[in-house]
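Trainee: Under the numbering used here, the first residue of the sequence shown carries the number 17, and numbering increases by one thereafter.
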Amino acid sequence: MNLIGQGEYLKAQKKRFEEIIVFVPFYFGHKENMKRHAALVNEIGFDCVIFNLTMNTFKAGLQFPFNLRNGWGIKHLWAQEITKILDAFSGNKIIYSFSNPTSAALEAIELRQAKDIKALICDGGPFYDLLSCNWNFFTKESQIPTLPAKLFASFYGRIIWSIHHERELAKSFDSFPEKFPVLSIRGWQDPLVPPTSIEKAFKKHPQLDLEILNLPQGGHMDGLKKFPEVYKPKVQNFLESVAKKFAAQVGEPEPLGGMDE
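Right under this line is the structure:
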């Protein structure tokens with residue numbers, strides 16, 4: 017199968033569930049960064065897809081993400097790319113997304129009215145306070161040397177992402193059907209995205225069937241790596257509660273617990 021973004025379809029050794037899990041990488045992330053999580057869901061019994069988003073490098077950020085179909089913003093471009101991945105597979109899917117690109121995943125779900133999306137797992141996002149979170153990234157994670165350059169990168173990153181980020185994020189969530197299952201994973205020690213910024217994105221959408229995994233010692237998207245004994249069983253329980261088993265499936269998958277990586 018020829019998928020955009022050098023997409024890969026990774027099969028479970030023993031497939032137990034009908035849904036396919038589609039991973040959406042984080043900002044400046046690569047599909048290879050999804051391999052640890054892909055192995056997790058394969059082990060639970062799901063096939064999954066990993067792929068790359070375009071314009072997901074520092075150099076690509078100097079381009080202008082505008083076209084007549086999508087309008088302005090990397091978010092809209094990525095929503096269309098996520099849509100193409102979703103369209104490549106019949107049947108139901110579950111989206112597993114990371115950090116701010118979760119907003120693009122939400123837009124993709126909105127565009128298809130969640131018709132074949134059964135649930136969402138989001139780790140480290142989506143979030144409000146985009147400008148301050150950009151500042152956190154460019155001052156704590158990037159190699160940008162000077163204060164003026166960091167200020168420029170923070171504001172430019174806000175503009176190039178989407179002009180109406182928070183309004184559009186809320187609109188996407190508003191479009192979700194009643195009792196749509198969401199698992200939100202939040203690190204309380206996240207130096208880039210405070211859990212309060214994630215909470216702002218969810219608090220006005222009571223129609224969501226929201227579960228939260230709080231990691232008191234967790235940073236930004238490091239839950240599976242550093243706290244597998246908590247992360248794995250929570251993800252497994254959530255997925256088992258929303259997915260459909262094959263009719264011929266006999267027996268239950270073993271709980272994953274705190275197994276070694």
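Even for Gly, the Cβ is constructed at its ideal location relative to N, Cα and C.
Please state if the CB of residue 55 and the CB of residue 64 are separated by a distance shorter than 7 Å.
Mentor: no
Trainee: With C-beta atoms as the reference, is residue 115 less than 7 Å away from residue 141?
Mentor: By the CB criterion at 7 Å, residue 115 and residue 141 fall inside the cutoff.
Trainee: Would you check if the distance between the CB atom of residue 67 and the CB atom of residue 101 is smaller than 7 Å?
Mentor: Taking 7 Å as the cut-off, the Cβ atoms of residue 67 and residue 101 count as close.
Trainee: Just how far apart, CA to CA, sit residue 221 and residue 71?
Mentor: 30 Å
Trainee: Report back the beta-carbon spacing between residue 35 and residue 259 to the nearest angstrom; my notes put them in contact at under 8 Å.
Mentor: 5 Å
Trainee: If you follow the beta strand (DSSP E) that residue 139 is in, where does it begin and where does it stop?
Mentor: 133–139
Trainee: When DSSP labels each residue in this structure, what does residue 257 get in the three-state scheme?
Mentor: Note: residue 257 maps to helix in three-state DSSP.
Trainee: Tell me where the beta strand (DSSP E) around residue 189 begins and ends.
Mentor: Where residue 189 is concerned, there is no enclosing beta strand (DSSP E), although the alpha helix (DSSP H) it sits in stretches over 181–190.
Trainee: Between the stretch 204–215 and the stretch 176–187, do three or more beta carbon pairs fall short of 8 Å?
Mentor: The stretch 204–215 is not in contact with the stretch 176–187.
Trainee: Run through DSSP, which three-state label would residue 246 get?
Mentor: helix
Trainee: Compare the Cα-Cα distances from residue 132 to each of 155, 104, 139 and report the closest residue.
Mentor: 104
Trainee: For residue 108, which of 223, 119, 125, 118 has the nearest alpha-carbon?
Mentor: 125
Trainee: Is residue 120 near residue 166, with beta carbons less than 7 Å apart?
Mentor: Taking a C-beta distance under 7 Å as the contact criterion, residue 120 and residue 166 do not qualify as a contact pair.
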